[in-house]
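**Student:** Dumping the structure here so I can ask a few things about it.
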Amino acid sequence: FAGGHIPGTINIWRNGLPLYMGYYLNYEDPIVLVDDFDLSMGHVVRHFVRLGYDNIAGYLAGGFAAWFEQGERIARTGTWSPSDLAERLDDPSIYILDVRTIGHREESGHIRGSHHIYVGNLEERIAEIPEDRQIVVHCDAGFKGSLAASILERHGFRHVANLLGGTIGWEAANYPLVRD
């Protein structure tokens, strides 16, 4: 998703579909699936139908690669390494957004200076996020961070990046998590 995607798309990984699609999809909106991994689309469609999303308009044959090869417009989401963020941790133009559950944040700690909004509450609290700063989103490993980045971009945020590896990558690079 970070390397290129169809503008306006929401990035929900396959195993995250049953958990997160209810936060961001409306039952009446047509859904077009984009599969870049040759997954069984029948299995994916069943996730949607079981949860009441039966307005599947279709899927993009050939996935994002087919879109790209046709010369259609693409978008890219930035990524930051743990060292990129560590170097700018005290920069006031950076807004670090932790999208994990509050329980996980409190249990494992958080990146100093980060703000917390659970990914499932992001749309209802979007006004709390400054549009004039670089947003660096993170979760534990990157999946929910990428979902959150796609939501922010869909809402018009222009300077969004996902922290590579999330807090797992942060700690693996020997940067500390803090507890308040």
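In terms of the working numbering, the sequence shown is residues 1339 to 1518. For glycine and all other residues, C-beta sits at the position ideal for the given N, C-alpha and C.
Between the segment 1497-1514 and the segment 1479-1489, do three or more beta carbon pairs fall short of 8 Å?
**Tutor:** yes
**Student:** If you follow the alpha helix (DSSP H) that tyrosine 1362 is part of, which residue opens it and which one closes it?
**Tutor:** Residue mapping note: residue 1362 aligns to position 24 of the sequence shown, counting from 1. Element bounds for tyrosine 1362: 1355-1362.
**Student:** Tell me where the beta strand (DSSP E) around isoleucine 1449 begins and ends.
**Tutor:** Position 111 of the sequence shown, counted from the start, is the residue given in the question as residue 1449. For isoleucine 1449, there is no enclosing beta strand (DSSP E), as DSSP marks it with neither H nor E.
**Student:** Judging by CA-CA distance, which residue of Leu1427, Leu1398, Ile1348, Trp1351 is the nearest neighbour of tyrosine 1513?
**Tutor:** As a working note, residue 1513 is residue 175 in the sequence shown. Of the listed residues, the one whose Cα sits closest to tyrosine 1513 is Leu1427.
**Student:** For threonine 1347, does the three-state DSSP call read helix, strand or coil?
**Tutor:** Within the sequence shown, residue 1347 is the residue found at index 9, counting from 1. Correct three-state label for threonine 1347: coil.
**Student:** Measure from the alpha carbon of asparagine 1500 to the alpha carbon of each residue in Pro1345, Ile1344, Asn1349, then state which is nearest.
**Tutor:** What you label residue 1500 is simply residue 162 of the sequence shown in a count that begins at 1. If we check each option's Cα against that of asparagine 1500, Asn1349 comes out closest.
**Student:** Smallest Cα separation from valine 1498: which of Gly1400, His1476, Arg1388, Tyr1361?
**Tutor:** Numbered from its first residue, the sequence shown carries residue 1498 at position 160. It is His1476.
**Student:** Let's see if you can read the secondary structure: which residues bound the alpha helix (DSSP H) around alanine 1487?
**Tutor:** Taking the sequence shown and counting its residues from 1, one reaches residue 1487 at position 149. Per DSSP, alanine 1487 belongs to the alpha helix (DSSP H) from 1481-1492.
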